[in-house]
Each structure stands twice: as C-alpha cells, then as structure tokens.
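Engineer: Take the sequence shown: its letters are residues 934 to 1162, numbered as in the working numbering. Sending over a structure as structure tokens; questions will come in a sec.
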Amino acid sequence: MTDEQTEPFLTIEDTPVYFAEDWSTGIGGGLWSTGSAMAKYFIEHANLVRHCIKQIKHENSHQGIKALELGSGNGLLSVCLAAAVEDAITELVVTDLDDHLELMNKTLNANRHIIRVDKSHDGNKPFSIVREHRWGEFGNEKREKFDFIFGSDVAYRDWLHAPLIESLNFYSHEESVILIGVTMHDTKPKFFQSLKENGYTYLRIPDWQMAPEFRGTTFGLFLIQKVKQ
C-alpha cells in the first residue's frame, strides 16, 4: 500500500484491495462499468471461481494453474482475481500496451498482501508478471499457454475482434477457460460469430450470478472455450 492509498478501493472476503485511477495513462487508467461487473463477480463468487479454476485440466499440472489478463489497463482485475482464488493460481501474467504498464505495476505493488511481485518471496500467493502485449502481435515470443484467460471491455470495436481472437488462439490450449466481459451495445454480434468461426463456444453467465446493478441487457460476462474435437 502506498501513502496516498490509505483507504481500500474495495474488499474481498475482508481483504482490502487498493487502487487509484489514473486517467492520464489512457483509456485503461480507470475502472469501466464492465470491469466493475467482473470485479463484483470475483468478489461475490470467490469460492465458485476458486473451485472452477482448480478444476481446469492442463498438460503441466505439476506447475500449477497459470492465468493471463488481456487489456488490463490498470491491474485491478488481476488483483481481484488473486484475492478471490488465493493459491488456486500459481502465476498471473498481466498485459496491456506499454503506456499502461506503470499503472499496472503500481496497482500490483500496492497489493503485495494479495499478490507476489517478486519471485524471491516465499508464499502461496499468485506470482504476477507485468508484460507488454499488443493483441495479434507475437514477434519472438514463446508460445506460452495459459489455463485461465480473462479481460473486460476488450471487444468494443469491430477492428479489435480479429487481433483479440488471434491472442486467444495463441495463448489458450484445448482446456483453457476464458472469461470476457463486454458492454452489449458496443460489442456487436459479429464478435461472437467470429468466436464460433474460430472454433470457440460461449455461454453467458446468468443474470442471477451478476451483481444487481449489472443485470439485464447492458452488460455481460461470457465463458468461452474451444470446441472439443
């Protein structure tokens, strides 16, 4: 926790989460409504999220569950996930464009009671890595696979769909679970059609599992997985 963050932004199972918005970093510097919806989902269903993540099958089970946030912006959702699942995740990679990395690091460092930022520190808390990633661009990046991939407000423009799905293809394996939060009026049906065309199936989380202020037709959280061959 830094000096200017004496009051928690929110709490998860009595654990304080510290966060300060900084819109000067760009569009991801604050918490948008869909991000709030996903954060509330992690908060209110921590036991369910923890259980589901532990059930994900993956090839290198001895290495633990690895998670990836796409388009993080500020790091808050990764902290909320880490607080909800505790030791269910071993490694959490938090990504966005270069101009957001400083705020993401600041948020993670303010929550070292929840998430590890230094691998030399012992403990069962998830170890976090902040990394630059532009969707659909991989360069010499190794083909690393993640068991749980998540992101909010990542498909609000049609031109984002193809590179986002390229990143999902690159980072997911056959059993990966993907959670995407969208604002329904700006995420067009063609995004979901593109998911189907790329071999994914999707399911909207039911309204009763959403916080009351996010129920209805405005916001949606979608579970996405590759179609089993």
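Built from N, CA and C at the ideal position, the CB exists for glycine as well. In this text the structure is predicted, and so the values were computed from the model without any measurement.
By the 10 Å Cβ neighbour count, where 16 or more other Cβ atoms means buried, how is Arg1049 classified, buried or exposed?
Structural biologist: Arg1049 is buried by the Cβ-count criterion.
Engineer: Between Thr1023, His1066 and Glu1077, which lies nearest to Asp1051 when the distance is taken from Cα to Cα?
Structural biologist: That would be Thr1023, whose Cα lies nearest to the Cα of Asp1051.
Engineer: I'd like the list of long-range same chain contacts for Thr1150, defined as Cβ closer than 8 angstroms, with 5 residues on each side in sequence excluded.
Structural biologist: Met1117.
Engineer: Can you tell me the Cα-Cα spacing of Gly1069 and Ser957, whole angstroms?
Structural biologist: Spanning the two alpha carbons is a distance of roughly 26 angstroms.
Engineer: Ignore the nearest five residues each way along the sequence and tell me which others in Thr1085's own chain have a CB closer than 6 angstroms to its CB.
Structural biologist: Reading off the sequence, residue 1085 comes out as Ser, not Thr. Excluding sequence neighbours, Ser1085 sits near Thr967, Gly968, Met971 and Gly1114.
Engineer: Taking only runs that begin and end inside the region 1052-1120, name each unbroken alpha helix (DSSP H) of 4 or more residues, in chain order.
Structural biologist: Whole alpha helix (DSSP H) segments, 4+ residues: 1091-1104.
Engineer: Does the structure place the region 1005-1018 close enough to the region 971-989 that three or more beta carbon pairs sit under 8 angstroms?
Structural biologist: The region 971-989, when compared against the region 1005-1018, does touch it at the 8 angstroms Cβ threshold.
Engineer: So for Asp1166, helix, strand or coil by DSSP?
Structural biologist: Residue numbering for the chain in the displayed model covers 934 to 1162; residue 1166 lies beyond these limits and cannot be assessed.
Engineer: Judging by CA-CA distance, which residue of Ile1111, Asp1119 and Glu1077 is the nearest neighbour of Leu1136?
Structural biologist: If we check each option's Cα against that of Leu1136, Ile1111 comes out closest.
Engineer: Would you check if the region 1060-1075 and the region 1030-1037 touch, i.e. whether three or more CB-CB distances between them fall below 8 angstroms?
Structural biologist: Enough Cβ pairs lie closer than 8 angstroms, so yes.
Engineer: Please go through the region 952-1012 and give each complete alpha helix (DSSP H) segment of 4 or more residues, from N-terminal end onward.
Structural biologist: Here the runs fully enclosed are 966-977 and 979-987.
Engineer: Along the chain, where does the beta strand (DSSP E) containing Phe1125 start, and where does it finish?
Structural biologist: First-last for Phe1125: Pro1122 to Glu1130, but that is the alpha helix (DSSP H), not the beta strand (DSSP E).
Engineer: How many angstroms separate the CA atom of Val1026 from the CA atom of Phe1081?
Structural biologist: Whole-angstrom Cα-Cα distance: 10 angstroms.
Engineer: DSSP three-state call for Val1027: helix, strand or coil?
Structural biologist: Three-state DSSP puts Val1027 in a strand.
Engineer: Where Gly959 and Leu1041 are concerned, what is the direct C-alpha to C-alpha distance, given to the nearest angstrom?
Structural biologist: In a straight line, the C-alpha of Gly959 is about 18 angstroms away from that of Leu1041.
Engineer: Is Ser1109 near Phe1079, with beta carbons less than 8 angstroms apart?
Structural biologist: Yes. Within cutoff.
Engineer: Under 8 angstroms, do Ala1088 and Thr1120 count as touching if we go by C-beta distance?
Structural biologist: Yes; because the gap between Cβ atoms is below 8 angstroms, this pair is in contact.
Engineer: Closer than 7 angstroms: is that where the CB of Ile998 sits relative to any heavy atom of the ligand ADP?
Structural biologist: The ligand ADP is not part of this structure, which contains no ligands at all.
Engineer: Can you tell me whether DSSP reads Pro949 as helix, strand or coil?
Structural biologist: Strand.
Engineer: Give the DSSP bridge partners of Leu1156, in chain order.
Structural biologist: For Leu1156, which the question treats as bridged, DSSP gives the partners Leu1112 and Leu1136.
Engineer: Is Gly1056 buried or exposed, if buried means 16 or more other CB atoms sit within 10 Å of its CB?
Structural biologist: By the 10 Å Cβ count, Gly1056 comes out exposed.
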